[in-house]
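Residue numbers (our numbering): 30 to 593. Note sheet for the following structure.
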Amino acid sequence: MIRSNRLTGLAAVAAVVASAFAHADRARAAEPMAVVAFSGYDALMKDIDFIGELAGQMQASQQVEMMVGMFTQNKGLAGLDKSKPIGVILQSNSGMPEPLICVPVTDSDELLGVAKQFGVTTEDLGDGVMQIQSPGMPLFGKPSGGWLLLSITPSAFDGAPADPGADLAKLTDAYDLAARAYVQNIPEAYRQQFVQLITQAANQSMAQMPDESDEDYQARQEQLQAGLDEMQQAVDDMDQITIGLAVDEQNANVALEFTATAQPGTKLAAEMAKAQNATTNFAGFFEPDAAMMMTLSAEAASTDLSQMEQQLEAAKKQANKEIDNNDDLSDAGKEKVKAALSDILDAFVATAQSGKFDGGAVLNMGDNELTFVGGGAIAEPQKIDSALRQIVEVGQEESADDMPEVSWNAESYQGYSFHTFSKEIPAREEEARAVFGDALQFAVGIGEDSVYFALGRGWFEKVKSVIDASAANPGKSVPPMEMTFALGQIMDFAESVAEDDAKPILARIASMLDNEANGRDHVRIVARATEGGNGQVVRIEAEEGVLRSIALGAMAAQMQAAGR
């Protein structure tokens, strides 16, 4: 699974790439530390046309071409090979990081001739190397096999790849714009230096607080050290980190991907490999056309468990302090609330100790309608039941007027016993009544090894459908995490409850989604294992209807700003 501490570690590794620009200490000639690439001029024009069409502006690339022509006095980008990618390769040459800009050319002299009208001059230094003087930073250039290589130092050409396009294509074959860090090619001394800097900064911020006991302070230090150890593990084990943006004109979507891979045989690789064979017993939550749906299936790592227990214990102590300081509760009420909190945390820890998190949620929305169901595996569901009863008891004893109407074991289905809570909505809250009816209804279903939560009118029928669909597909193969949003449902609901001044644009977006998007109105977030299993990918994808909605919203904002 992708964990919070691991994500912190990955972010730290990404930052190491930046620190490498400043220092390095040993030769790793011709081994790139990082590569940045975009798919080229022609591909960019196609992307501009695609985005422009979504905004109602056909052949937008022609306007860009006209601007380029005006800027270059009608020479255009003569000499540029517009069919190939453009990028930067960050090399480690004799231990020093050297960026190498790679520009594809059909004629480098012709392309430099275009630049000369802007004050750029060139001087031949021999061996195919030229010095390029410009109003900004001077550069060195070298034509090589259909490429114009540019760098701030001529030594960068010594370790240049024979075919830069091969390095760039590793990214542009999948993405329009991407960056990849080869973590292990960053000199180890400076990877460790970065870790030490983070460690020092973290330790300096760990002063004991005035009201903090020695025991709590030590626990907090142990949590910090666990996080730092996790970061060190990520730095040692990580192989590559890639961020890529893909514009898919054929399937009419835009996607952003974050990929992290570990070196084979490492501890991190073993943890990441657990995502390969994820299964769920809650397939009933998979409803991709709902306003929102989420499924989660992840194995709990042993390192996660020990750190989580420490963090929950610290959170429990802090929460108990807040409860003790609550003057609205009696002493007896405080003890019951603390007992309820303890039960909830115990159930969560027991679930983690079982080795797996499995569950999901689904939200359906429409014209003045909202229903939510969530749930998942819980190792000790009776503790959730106990906590719920204690909280209700405190509420009824100390704040009865504010409590909803409670009905224990009001409904039952397939081994689940549902407790219901109903709170009348005041007549003055017309919008809420339109959505939820005269009363807000909430339910908790306690089963043998799982718990469900439900909200809204028609909750019981909806939760039954989720239970039935889950029972019909036990052990279904799924990504470790998947979440989707259907913008059409969300816009229909938003329009029905919006203020009058917001209704026109919401109605326009909703109408477009209903009539033009052909159901392609989703945002999808999916986490999955990489091929080979030693990495994980998180993909965020927006379909055509979402992109059109953004364009409509932007145009509406511009018109509003202009007073129209």
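For each residue, glycine too, the CB sits at the ideal point set by N, CA and C.
*Can you tell me which of the three DSSP states S180 falls into?*
Taking the first residue of the sequence shown as 1, we reach residue 180 at position 151. DSSP places S180 in strand when its eight states are reduced to three.
*asked:* Assuming Y620 is part of the beta strand (DSSP E), what are its boundary residues?
replied: Outside the displayed range of the chain (30 to 593) lies residue 620, so it cannot be described from this structure.
_Using only the alpha-carbon positions, how far apart do K104 and G175 sit?_
By 1-based counting over the sequence shown, the position of residue 104 is 75. By 1-based counting over the sequence shown, the position of residue 175 is 146. If you take the alpha carbons of K104 and G175, they lie about 20 Å apart.
*asked:* Going by DSSP in three states, S137 sits in which element: helix, strand or coil?
replied: Numbered from 1 along the sequence shown, position 108 holds the residue referred to as residue 137. The answer is helix: DSSP assigns S137 an H, G or I state.
*Who pairs with G395 in a beta bridge, going by DSSP?*
As a first step, residue 395 is located in the sequence shown; it is residue number 366 there, counting from the start. Partner residues in the beta bridge of G395, as assigned by DSSP, are E398.
_Three-way DSSP call (helix, strand, coil) for N502 in this model_ = Taking the sequence shown and counting its residues from 1, the one referred to as residue 502 is at position 473. Correct three-state label for N502: coil.
*Could you check which residue in M322, M301, A302 has the C-alpha nearest to that of F311?*
Indexing the sequence shown from 1 puts residue 311 at position 282. Nearest of M322, M301, A302 to F311, Cα basis: M322.
*Based on the DSSP secondary-structure assignment, which residues constitute the bridge partners of A577?*
Your numbering for residue 577 matches position 548 in the sequence shown. The displayed chain sequence assigns Arg, not Ala, to residue 577. Per DSSP, none; premise fails for R577.
*Between M159 and the rest of its own chain, which residues show a CB-CB distance below 8 Å, the 5 nearest in sequence each way excluded?*
Mapped onto the sequence shown, residue 159 falls at position 130. Around M159: T151, E152, D153, F169, G170, K171.
_Using CA atoms only, rank isn't needed, just tell me which of A583, P410, D266 is closest to Q292._
Along the sequence shown, one-based indexing puts residue 292 at 263. Nearest of A583, P410, D266 to Q292, Cα basis: D266.
*Determine the contact status of I130 and V143, defining contact as a CB-CB distance below 8 Å.*
Residue numbering aside, residue 130 sits at position 101 when the sequence shown is read from its first letter. Residue numbering aside, residue 143 sits at position 114 when the sequence shown is read from its first letter. Going by C-beta atoms, I130 is not nearer than 8 Å to V143.
*Would you call the stretch 389 to 398 and the stretch 293 to 303 in contact, with 3 or more CB pairs under 8 Å?*
Short answer: they don't touch.
*Could you give the distance in angstroms between the alpha-carbon of Q382 and the alpha-carbon of S326?*
Here the question's residue 382 lines up with position 353 in the sequence shown. Here the question's residue 326 lines up with position 297 in the sequence shown. In this structure, the CA atom of Q382 is about 15 Å from the CA atom of S326.
*Ordered along the chain, which non-local residues of its own chain (more than five positions away) have a Cβ less than 8 Å from that of D76?*
In the sequence shown, residue 76 corresponds to position 47, counting from 1. Cβ neighbours of D76 beyond the five flanking positions: D205, V276, E278.
_Looking only at its chain, what residues have a beta carbon closer than 6 Å to the beta carbon of L257, apart from the 5 residues adjacent to it on each side?_
Taking the first residue of the sequence shown as position 1, residue 257 is located at position 228. Cβ within range, chain order: T228.
*In three-state DSSP terms, what is R553?*
Your numbering for residue 553 matches position 524 in the sequence shown. Strand at R553.
*Indicate the three-state DSSP secondary structure (helix, strand or coil) for P317 in the structure shown.*
Within the sequence shown, the letter at position 288 stands for residue 317. Note: P317 maps to coil in three-state DSSP.
*Decide if W437 is buried, meaning its Cβ has at least 16 other Cβ atoms within 10 Å, or exposed.*
Locating residue 437 in the sequence shown gives position 408, where the first residue counts as 1. Exposed, since its Cβ has fewer than 16 Cβ neighbours within 10 Å.
*asked:* For the alpha helix (DSSP H) containing T295, name the first residue and the last one.
replied: The sequence position of residue 295 within the sequence shown is 266, counting from 1. Note, T295: premise wrong, no alpha helix (DSSP H); not H, not E.
*When A500, M432, P193, D543 are compared against G517, the one with the closest alpha-carbon*: Along the sequence shown, read from residue 1 onward, the residue named residue 517 stands at position 488. Taking only the C-alpha atoms, the option nearest G517 is D543.
*Considering N232, what are the terminal residues of the alpha helix (DSSP H) in which it resides?*
In the sequence shown, the residue the question calls residue 232 occupies position 203. Run containing N232: 217 to 233, per the alpha helix (DSSP H) assignment.
*Exposed or buried, which one is N122 when buried takes at least 16 other CB atoms within 10 Å?*
Counting from one through the sequence shown, the residue named residue 122 turns up at place 93. Classification for N122: buried.
*Using alpha carbons as the reference points, say which of S173, D196, S90 lies closest to D187.*
For this step, residue 187 is matched to residue 158 along the sequence shown. Here the closest residue by C-alpha is S173.
*Pair every Cβ in the stretch 507 to 516 with every Cβ in the stretch 539 to 555, then say whether three or more of these pairs are closer than 8 Å.*
They touch, by the three-pair rule.
*Span of the beta strand (DSSP E), counted from its first residue to its last, around I115*: One-based indexing of the sequence shown puts residue 115 at position 86. Note, I115: beta strand (DSSP E), 115 to 122.
*In three-state DSSP terms, what is G273?*
Here residue 273 is taken as the residue at index 244 of the sequence shown, counted from 1. Looking at G273 - three-state DSSP - the assignment turns out to be strand.
*Measure the alpha-carbon distance for Y246 versus E351 and round it to whole angstroms.*
Your numbering for residue 246 matches position 217 in the sequence shown. Your numbering for residue 351 matches position 322 in the sequence shown. If I take the Cα positions, the gap works out to 18 Å.
*Look at T449 and E460 and say whether their C-beta atoms are less than 8 Å apart.*
Within the sequence shown, the letter at position 420 stands for residue 449. Within the sequence shown, the letter at position 431 stands for residue 460. No, the pair does not count as a contact, with Cβ atoms beyond the cut-off.
_Through-space distance from D497 to I407, alpha-carbon basis_ = As a position in the sequence shown, residue 407 is number 378, starting the count at 1. As a position in the sequence shown, residue 497 is number 468, starting the count at 1. Their Cα atoms are separated by approximately 18 Å.
*How many Å lie between Q102 and V65 at the Cα?*
The residue labelled residue 102 in the question sits at position 73 within the sequence shown. The residue labelled residue 65 in the question sits at position 36 within the sequence shown. So the two alpha carbons sit approximately 30 Å from each other.
*So, V366 versus V421, is the Cβ gap smaller than 8 Å?*
Within the sequence shown, residue 366 is the residue found at index 337, counting from 1. Within the sequence shown, residue 421 is the residue found at index 392, counting from 1. Cβ distance not < 8 Å, so V366 and V421 don't count as in contact.
_Between the CA atoms of D71 and D196 - distance to the nearest angstrom_ = Here the question's residue 196 lines up with position 167 in the sequence shown. Here the question's residue 71 lines up with position 42 in the sequence shown. Distance between the alpha carbons of D196 and D71 is about 19 Å.
*With DSSP as the reference, please indicate the residues paired to F147 in a beta bridge.*
Your numbering for residue 147 matches position 118 in the sequence shown. Beta-bridge pairing links F147 to no other residue.
*For R57, does the count of other Cβ atoms within 10 angstroms reach 16, so buried, or fall short, so exposed?*
Counting from one through the sequence shown, the residue named residue 57 turns up at place 28. Note on R57: pLDDT 37, under 50, position unreliable in the model; the coordinate value appears next. Counting Cβ neighbours within 10 Å, R57 comes out buried, since at least 16 surround it.
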